[in-house]
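K.L.:
Please see the structure below; I have some questions.
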Amino acid sequence: MPHIKFKPISSQTLEDITQRCNAVTFRADALSGDGECVLGARYGGEEFLLQLKRAPKSDMLKYDKVTRPLKVNLIKEVLAKLSDEFGLEIEHSNISISEHRQQPSSKYLKKIKDFESINIPFKRVAIEVGFGSGRHLLHQALQHPDRLHIGIEIHTPSAQQVLRQIDIQGLENIWVVNYDARLFLEMLPSNICEQIFVHFPVPWDKKPHRRVISQGFTDEALRILVPQGRLELRTDSEAYFWYSLESFFALSKAQVVIEKNKNLAVVSKYEARWRKQEKDIYEVHLTAEKFSSPKVLTVDFSFGKVRYHSKILDNLPPKSIIMDDYFVHFEKLYKIGDDGLLIKVAFGSFDRPEHKYIILDETECRYYSSNPVKTGVNYLAHQKIMEYLYV
Ligand SMILES: C[S@@+](CC[C@H](N)C(=O)[O-])C[C@H]1O[C@@H](n2cnc3c(N)ncnc32)[C@H](O)[C@@H]1O
1 MPHIKFKPIS SQTLEDITQR CNAVTFRADA LSGDGECVLG ARYGGEEFLL QLKRAPKSDM
61 LKYDKVTRPL KVNLIKEVLA KLSDEFGLEI EHSNISISEH RQQPSSKYLK KIKDFESINI
121 PFKRVAIEVG FGSGRHLLHQ ALQHPDRLHI GIEIHTPSAQ QVLRQIDIQG LENIWVVNYD
181 ARLFLEMLPS NICEQIFVHF PVPWDKKPHR RVISQGFTDE ALRILVPQGR LELRTDSEAY
241 FWYSLESFFA LSKAQVVIEK NKNLAVVSKY EARWRKQEKD IYEVHLTAEK FSSPKVLTVD
301 FSFGKVRYHS KILDNLPPKS IIMDDYFVHF EKLYKIGDDG LLIKVAFGSF DRPEHKYIIL
361 DETECRYYSS NPVKTGVNYL AHQKIMEYLY V
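Reminder that position 115 of the sequence shown reads as 115 in this note's numbering, one-by-one numbering, no gaps.
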């Protein structure tokens, strides 16, 4: 990733960069006292941060992971601009601007944010949760060319492997989402899906709170299923089978069908393993019986009246705030001049946390440079953050 290493610059040069470079909008100095600072850049229609790491023999300016723009060349161009305009004595750099266009990512890979306003170009939809090697997902997509198959998988290499297969097999009816299924369903509109496959979920015997099937997941599944659409769980774990059955029977009204050792047209990688060991396979179908009302997403990530106040610094806890479903951790604090702050914060779900910066001065407070994903846990975490910032 782009960086330049150069002979240490004086504090006057740093001040000049902050004040005179038209691509730099502010400088924020770390309150940790390690001499680190970040520069806010606005360039090519994007906002992002550059980190300045200082050491006795050389300084380094590098990209910031959290705010990294998709077009990496923008970072390189700003680094080159700073180097030229302020005569930095470069010792090492990797910012030659690439002539090649960035490898476009697959159009079948969807980001969770895409679902905040998505147009689903198919009348029929099926979802597979935790598709692993993708055998069953690919098979379903081939069998039902007029249906969209949304595969959701938390493990990135598995998601990449299936994207390669989509390409090789020329399939046009699969979307891959590399995210936590427990958070994903709430991003979908009501009554859109005819089948949800949950095949061989991790049993999490020692940490049941991490299981995919839960009361919340079941409620969301029934909401997004069309009437008579069904959730199909397949598991080799007797404990998970009974646990899921209990969750489904907790519903006030439910149509539940159980099968044992039923053969499917395709055997997934995990199923093949369990069959070899002659394990029993349990299948449970939960059918949606009614039309669900539309989901109204009222998630607002604005900060209302929050503004910079020196007392905020005393208010921010150094340790993580752990709640049942989410956490908030104020990771690092930076001061911008006398009346501004930049806060690096991690929050939201334990498995897929958001990493963001919050910038605030006496006139505004906002996420820098874009809002979090509109999930329920992110919204709860945002409200908790507001409690600490509003003094
Ligand atoms: C035991 S494997 C089963 C894979 C595949 N369904 C099969 O039958 O071969 C469980 C899969 O679920 C994925 N997974 C676990 N938790 C998940 C979650 N919360 N959201 C999405 N995928 C998840 C894992 O990465 C893994 O690929």
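Cβ atoms here follow ideal geometry from the backbone N, Cα and C, with glycine treated the same way.
Determine the burial state of G170: buried for a count of at least 16 other Cβ atoms within 10 Å of its Cβ, exposed for fewer.
P.N.:
Counting from one through the sequence shown, the residue named residue 170 turns up at place 170. The residue in question, G170, is exposed, as its Cβ has fewer than 16 Cβ neighbours within 10 Å.
K.L.:
Using only the heavy atoms of ligand 1, determine whether one of them is closer than 7 Å to the beta carbon of P157.
P.N.:
The residue labelled residue 157 in the question sits at position 157 within the sequence shown. No; taking the cut-off as 7 Å, the Cβ of P157 has no heavy atom of ligand 1 nearer than that.
K.L.:
Ignore the nearest five residues each way along the sequence and tell me which others in W204's own chain have a CB closer than 6 Å to its CB.
P.N.:
The residue given as residue 204 occupies position 204 in the sequence shown. Answer for W204: R210 and R211, listed in chain order.
K.L.:
Identify whether L231 lies in helix, strand or coil by the three-state DSSP scheme.
P.N.:
The sequence position of residue 231 within the sequence shown is 231, counting from 1. Strand, per DSSP.
K.L.:
For G348 and E259, what's the separation of their Cα atoms in angstroms?
P.N.:
The residue labelled residue 348 in the question sits at position 348 within the sequence shown. The residue labelled residue 259 in the question sits at position 259 within the sequence shown. Between G348 and E259, the C-alpha separation is close to 37 Å.
K.L.:
Do you know offhand how far N73's Cα is from F131's?
P.N.:
In the sequence shown, the residue the question calls residue 73 occupies position 73. In the sequence shown, the residue the question calls residue 131 occupies position 131. Distance between the alpha carbons of N73 and F131: 34 Å.
K.L.:
Tell me, please, which residues DSSP counts as bridged to L286.
P.N.:
Along the sequence shown, one-based indexing puts residue 286 at 286. Bridge partners of L286: L231 and V256.
K.L.:
Compute the beta-carbon to beta-carbon distance between P8 and R68, rounded to the nearest angstrom, for a pair I have assumed lies under 8 Å.
P.N.:
Translated into the one-based positions of the sequence shown, residue 8 becomes position 8. Translated into the one-based positions of the sequence shown, residue 68 becomes position 68. Rounded, the Cβ-Cβ distance is 25 Å, inconsistent with contact.
K.L.:
Taking only three categories from DSSP, how would you classify Q102?
P.N.:
On the sequence shown, position 102 is the one that residue 102 refers to. Caution is warranted here: a pLDDT of 45 is assigned to Q102, below 50, making its placement in the model unreliable, and no coordinate value can be reported.
K.L.:
So F6 is in the beta strand (DSSP E); what residue range does that whole segment cover?
P.N.:
Counting from one through the sequence shown, the residue named residue 6 turns up at place 6. From DSSP, the beta strand (DSSP E) with F6 extends over H3 to F6.
K.L.:
Apart from the five residues on each side of it in sequence, which residues of its chain come closer than 7 Å, Cβ to Cβ, to R147?
P.N.:
For this step, residue 147 is matched to residue 147 along the sequence shown. Same-chain partners within the cutoff: F122, R124, V125, A126 and N173.
K.L.:
Can the beta-carbon of F303 be found less than 8 Å from the beta-carbon of L316?
P.N.:
The count along the sequence shown starts at 1 and reaches residue 303 at position 303. The count along the sequence shown starts at 1 and reaches residue 316 at position 316. In this structure, L316 does not lie closer than 8 Å to F303 by Cβ.
K.L.:
According to the neighbour-count rule (16 or more other Cβ atoms, all chains shown, within 10 Å of its Cβ), is S237 buried or exposed?
P.N.:
The residue labelled residue 237 in the question sits at position 237 within the sequence shown. Classification of S237: buried, given that the 10 Å Cβ count is 16 or more.
K.L.:
Following a CB-centred definition, is K269 positioned closer than 7 Å to any heavy atom of ligand 1?
P.N.:
Taking the first residue of the sequence shown as position 1, residue 269 is located at position 269. Because some heavy atom of ligand 1 lies under 7 Å away, the Cβ of K269 counts as near it: yes.
K.L.:
Can you tell me whether K311 is buried or exposed, with buried defined as 16 or more other CB within 10 angstroms of its CB?
P.N.:
Stepping through the sequence shown from its first residue, residue 311 is reached at position 311. Exposed, since its Cβ has fewer than 16 Cβ neighbours within 10 Å.
K.L.:
DSSP three-state label for G151, please.
P.N.:
Position 151 of the sequence shown holds residue 151. Correct three-state label for G151: strand.
K.L.:
Is I154 near ligand 1, going by C-beta to nearest heavy atom under 7 Å?
P.N.:
Numbered from 1 along the sequence shown, position 154 holds the residue referred to as residue 154. Result yes, Cβ under 7 Å from ligand 1.
K.L.:
Ligand 1 heavy atoms versus the CB of D205: any closer than 7 Å?
P.N.:
Counting from one through the sequence shown, the residue named residue 205 turns up at place 205. No - ligand 1 has no heavy atom lying nearer than 7 Å to the Cβ of D205.
K.L.:
Is the beta carbon of P201 within less than 7 Å of some heavy atom of ligand 2?
P.N.:
Questions concerning ligand 2 fall outside what the structure shown contains, since the ligands it does hold are ligand 1.
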